[in-house]
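In the order they appear, the protein sequences are chains A and B.
Per the working numbering: the first sequence = residues 1 to 297.
Per the working numbering: the second sequence = residues 1001 to 1135.
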Amino acid sequence: MKVLEFHDITMAYEGGQPVLEGVSLSVESGEVIGLLGRNGAGKTTLIRIAMGMLAPQSGTVRVLGEDPRGDLVGVRRRIGYVSELQELPSYMSVRDILTLHRSLYPNWDDEVAGELCSRFELPAGAKIAKLSKGQARQVALLCAISHRPDLLILDEPAGGLDPAARREFLETSIRHLSDTGSTILFSSHHMADVERMASRLVMVHDGQLWIDSAVDDVREGYCLALVPVRGTDLHNKLLALPGCLSVRERDGTFRAVFECESEACRAQLVQDLEDPNVQCLSVGLEEMFIELVGGRS
Amino acid sequence: MLFFLDPQSGVPYYRQLMEQVRLHVSTGSLTAGDELPSIRALAVILGVNPMTVSKAYGYLEAEQLLERRPGRPLVVRVQTNEQLEIGRLERLRESLLDASTLSRRLDISADDALSVFRDLLNESPPDHGREEDPS
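This is the structure we're talking about:
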């Protein structure tokens, strides 16, 4: 079943360049999508369109089979949402927030909420304003998953948290995932977290989807080629090769990302460029991201 | 049982996990009948998508290293001495892959490379105990 469908979405804020241009993305039930991209690439816009908070200029969106702008409440009841920018009412206590959410969500599960409350050791009587950043985010996550949503949307959920709080957040999300098989869409700049949790990576760049690949395929199916600068026009020559996604020069070496397994890529490049000094490495997601965005401006 | 993931390595997590289970079996820290952690438990401990653990377990089951029993944790299958021997050599081979690639790139002859390896084998192992010993 398709949980999320974006079809040919174009979105521009008033008087500005399009933030999203013809974006199509389809998410099956049980997938965990890690949404990557630089600040301003359009990740949050995409998420807000899914939440029904924004209407695109053109294209169609379906969330759990419904138009999120058509049945806002019905759709929202089946979604959990946590965002870095989200603010819980600071004057309310943890207990009040839980009572409020219980009344908003017919599927609210007191057992789930109670278990999370005690695991997080949240002080029920404390006002939100008195909580640490990590605790406030725990309350937000608790509210997002205690109604057992079919779709969990996390927009930079661990932004601003220390590494221990981030890991705690990740573990809770994984428990939720394991227990419910819920579909998750989350954006993050923490590549290690994305790689740990996601089953599929989607990278937004300049308003378009650039990479859309199973996580395991990214490590095995992409590589970074290091090519010594030689002759003329090597930059364009590299870009013209099949599978080349980005090229940039640093310190006398071209660094190019190829959609190709590293050994095969090296053999091909040595032959094409007639240069035995080409190296190809499989690199972690963070290096890959930096090379990709650096080599494609 | 120790499992860990290296985020810097170019190897996907499920493959890292598979290699570690195989290594545990080859060194004897996991033997026939030993139970593996549940998918959920290991996913939470390692902080990874449960699919990653389930994928690794699935492949190891297909390799006849693990055995699935309905509603129970996976266990290590009985291995013949021959299988264990093959496994041990395969683990060594796996870790020598990078060294052999480097050796070719440095244009080191097979004889020279072998003599380096022989020297390393004959060196006494580093004494890890000394620094940790409080006395």
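The beta-carbon is built from N, C-alpha and C at its ideal position, and this holds for glycine as well.
In three-state terms, what does DSSP make of Glu1035 of chain B? To locate residue 1035 of chain B, count along the second sequence from 1; it is residue 35. Strand at Glu1035 of chain B.
Tell me which residues of the stretch 39-73 of chain A have at least one Cβ-Cβ distance to chain B shorter than 8 Å, keeping chain order. Cβ contacts with chain B come from no residue of the stretch 39-73 of chain A.
Along the stretch 191-216 of chain A, what residues have a CB closer than 9 Å to any CB found in chain B? Cβ contacts with chain B come from Met191, Ala192, Asp193, Glu195, Arg196, Met197, Ala198, Ser199, Val215 and Asp216.
Using a C-beta to C-beta distance shorter than 8 Å, which residues of chain B count as neighbours of Val283 of chain A? Translated into positions along the first sequence, residue 283 of chain A becomes position 283. Listed by position along chain B, the residues whose Cβ is nearer than 8 Å to that of Val283 of chain A are Gly1010.
What does the alpha-carbon distance come out to for the pair Val1078 of chain B and Leu1084 of chain B? Start at 1 with the first residue of the second sequence, and residue 1078 of chain B comes out as number 78. Start at 1 with the first residue of the second sequence, and residue 1084 of chain B comes out as number 84. Here the C-alpha atom of Val1078 of chain B lies approximately 10 Å from the C-alpha atom of Leu1084 of chain B.
Buried or exposed: which applies to Asn1136 of chain B, given that a residue is buried once 16 or more other Cβ atoms fall within 10 Å of its Cβ? One cannot answer for residue 1136 of chain B here, as it falls past the ends of chain B, which runs 1001 to 1135.
Is the beta carbon of Ser246 of chain A sitting closer than 9 Å to the one on Glu261 of chain A? Position 246 of the first sequence, counted from the start, is the residue given in the question as residue 246 of chain A. Position 261 of the first sequence, counted from the start, is the residue given in the question as residue 261 of chain A. In this structure, the beta-carbon distance from Ser246 of chain A to Glu261 of chain A does not fall below 9 Å.
Val1021 of chain B versus chain A: which residues are under 7 Å apart at the beta carbon? Numbered from its first residue, the second sequence carries residue 1021 of chain B at position 21. Simply none; closest approach about 17 Å.
Reduced DSSP secondary structure (H/G/I, E/B, other) of Cys143 of chain A: For the purposes of this step, residue 143 of chain A is taken as the residue at position 143 of the first sequence. In the structure shown, Cys143 of chain A falls within a helical segment according to DSSP collapsed to helix, strand and coil.
Which first and last residues belong to the alpha helix (DSSP H) in which Asp217 of chain A is found? Position 217 of the first sequence, counted from the first residue, corresponds to residue 217 of chain A. Where Asp217 of chain A is concerned, the enclosing alpha helix (DSSP H) stretches over Val215 to Gly221.
Any idea what DSSP makes of Phe1117 of chain B, helix, strand or coil? The sequence position of residue 1117 of chain B within the second sequence is 117, counting from 1. Correct three-state label for Phe1117 of chain B: helix.
Between the alpha carbons of Val227 of chain A and Asn236 of chain A, how many angstroms are there, rounded? Within the first sequence, the letter at position 227 stands for residue 227 of chain A. Within the first sequence, the letter at position 236 stands for residue 236 of chain A. The alpha-carbon atoms of Val227 of chain A and Asn236 of chain A are separated by roughly 13 Å.
Let me know the secondary structure DSSP gives Glu261 of chain A once reduced to three states. Residue mapping note: residue 261 of chain A aligns to position 261 of the first sequence, counting from 1. Glu261 of chain A falls in the coil class under three-state DSSP.
From the beta carbon of Pro1007 of chain B, is the nearest beta carbon of chain A less than 9 Å away? Along the second sequence, one-based indexing puts residue 1007 of chain B at 7. Interface residue, yes.
Is it the case that the Cβ atoms of Met203 of chain A and Leu292 of chain A are separated by a distance below 9 Å? Sequence index remark: in the first sequence, residue 203 of chain A carries index 203 (1-based). Sequence index remark: in the first sequence, residue 292 of chain A carries index 292 (1-based). Leu292 of chain A sits close to Met203 of chain A, with the two beta carbons spaced by under 9 Å.
Name the DSSP bridge partner or partners of Gln17 of chain A? Here residue 17 of chain A refers to the residue found at position 17 of the first sequence. Residue pairing for Gln17 of chain A: DSSP places it in no beta bridge.
Compile a chain-ordered list of the residues in the stretch 175-189 of chain A whose CB is closer than 7 Å to at least one CB of chain B. Hits within the stretch, in order: Arg175, Leu177 and Ser178.
Beta-carbon contacts of Gly221 of chain A that lie in its chain and below 8 Å, excluding the five residues immediately before and after: For the purposes of this step, residue 221 of chain A is identified with residue 221 of the first sequence, where counting begins at 1. If we look at Gly221 of chain A and ignore the five residues flanking it on each side, its Cβ neighbours are Ser213, Glu259, Cys260 and Glu261.
Between Gly252 of chain A and Val229 of chain A, which are expected to be in contact by the criterion C-beta below 8 Å, what is the C-beta distance as a whole number of angstroms? Here residue 252 of chain A refers to the residue found at position 252 when the first sequence is read from its first residue. Here residue 229 of chain A refers to the residue found at position 229 when the first sequence is read from its first residue. Rounded to the nearest angstrom, the Cβ distance from Gly252 of chain A to Val229 of chain A is 5 Å, consistent with a contact under 8 Å.
With a threshold of 6 Å on Cβ separation, who are the neighbours of Leu1023 of chain B within its own chain once the five nearest residues in sequence on each side are excluded? As a working note, residue 1023 of chain B is residue 23 in the second sequence. Closer than 6 Å at the Cβ level, and outside the excluded window around Leu1023 of chain B, lie Arg1091.
Residues of the stretch 1041-1074 of chain B with Cβ closer than 7 Å to any Cβ of chain A, in chain order: For the stretch 1041-1074 of chain B, the residues whose beta carbon sits under 7 Å from a beta carbon of chain A are, in order, Ala1043, Val1044, Gly1047, Val1048, Asn1049, Pro1050 and Met1051.
Between which two residues does the alpha helix (DSSP H) harbouring Asp1098 of chain B extend? Counting from 1 along the second sequence, the entry for residue 1098 of chain B is found at position 98. Per DSSP, Asp1098 of chain B belongs to the alpha helix (DSSP H) from Asn1081 to Arg1105.
Assumed close pair Gly59 of chain A, His7 of chain A - CB separation to whole angstroms, cut-off 8 Å: Against the first sequence, residue 59 of chain A aligns to sequence position 59. Against the first sequence, residue 7 of chain A aligns to sequence position 7. About 6 Å separates the two Cβ atoms, so the contact holds.
Quick check on Met288 of chain A: does DSSP put it in helix, strand or coil? Looking up residue 288 of chain A in the first sequence gives position 288. Three-state result, Met288 of chain A: helix.
What residue range does the alpha helix (DSSP H) around Thr45 of chain A cover? As a working mapping, residue 45 of chain A is identified with position 45 in the first sequence. Note, Thr45 of chain A: alpha helix (DSSP H), Lys43 to Ala50.
Which of the residues in the stretch 137-154 of chain A, read from start to end, lie with their CB under 9 Å from any CB of chain B? Listed by position along the chain: nothing, the set is empty.
Burial state of Glu195 of chain A, where buried means 16 or more other Cβ atoms lie within 10 Å: Counted from its first residue, the first sequence places residue 195 of chain A at position 195. By the 10 Å Cβ count, Glu195 of chain A comes out buried.
Determine the DSSP secondary structure at Val3 of chain A, reduced to helix, strand or coil. Stepping through the first sequence from its first residue, residue 3 of chain A is reached at position 3. Three-state DSSP puts Val3 of chain A in a strand.
Going by beta-carbon coordinates alone, are Gly207 of chain A and Gln86 of chain A separated by less than 9 Å? Within the first sequence, numbered from 1, the residue matching residue 207 of chain A stands at position 207. Within the first sequence, numbered from 1, the residue matching residue 86 of chain A stands at position 86. No, the Cβ-Cβ distance between Gly207 of chain A and Gln86 of chain A is not below 9 Å.
Pull up the distance between the alpha-carbon of Val61 of chain A and that of Leu1096 of chain B, whole angstroms please. Counting from one through the first sequence, the residue named residue 61 of chain A turns up at place 61. Counting from one through the second sequence, the residue named residue 1096 of chain B turns up at place 96. Their backbone Cα atoms lie some 51 Å apart in a straight line.
Kindly say whether Val227 of chain A, judged by its beta-carbon, lies nearer than 9 Å to any beta-carbon of chain B. Within the first sequence, the letter at position 227 stands for residue 227 of chain A. No, Val227 of chain A lies away from the interface with chain B (no Cβ there is under 9 Å from its Cβ).
Give the straight-line distance between the Cα atoms of Pro276 of chain A and Val270 of chain A, rounded to the nearest whole angstrom. Reading the first sequence from its first residue, position 276 is the one you call residue 276 of chain A. Reading the first sequence from its first residue, position 270 is the one you call residue 270 of chain A. Cα to Cα, the separation comes out at about 5 Å.
Taking the beta carbon of Thr1031 of chain B as the centre, do at least 16 other beta carbons fall within 10 Å, making it buried, or is it exposed? Reading the second sequence from its first residue, position 31 is the one you call residue 1031 of chain B. Around the C-beta of Thr1031 of chain B, fewer than 16 other C-beta atoms lie within 10 Å, and the residue is accordingly described as exposed.
In whole angstroms, what is the alpha-carbon distance linking Glu31 of chain A and Tyr1013 of chain B? Position 31 of the first sequence, counting from 1, holds the residue named residue 31 of chain A. Position 13 of the second sequence, counting from 1, holds the residue named residue 1013 of chain B. Between Glu31 of chain A and Tyr1013 of chain B, the C-alpha separation is close to 17 Å.
Are three or more beta carbon pairs between the stretch 72-82 of chain A and the stretch 25-45 of chain A nearer than 8 Å? Inter-segment contact for the stretch 72-82 of chain A and the stretch 25-45 of chain A is absent: fewer than three beta-carbon pairs are separated by less than 8 Å.
Since Gly32 of chain A meets chain B, which of its residues come closer than 7 Å, beta carbon to beta carbon? Taking the first sequence and counting its residues from 1, the one referred to as residue 32 of chain A is at position 32. The sequence shown places Val at residue 32 of chain A, rather than the Gly named in the question. Chain B residues near Val32 of chain A: Asn1049.
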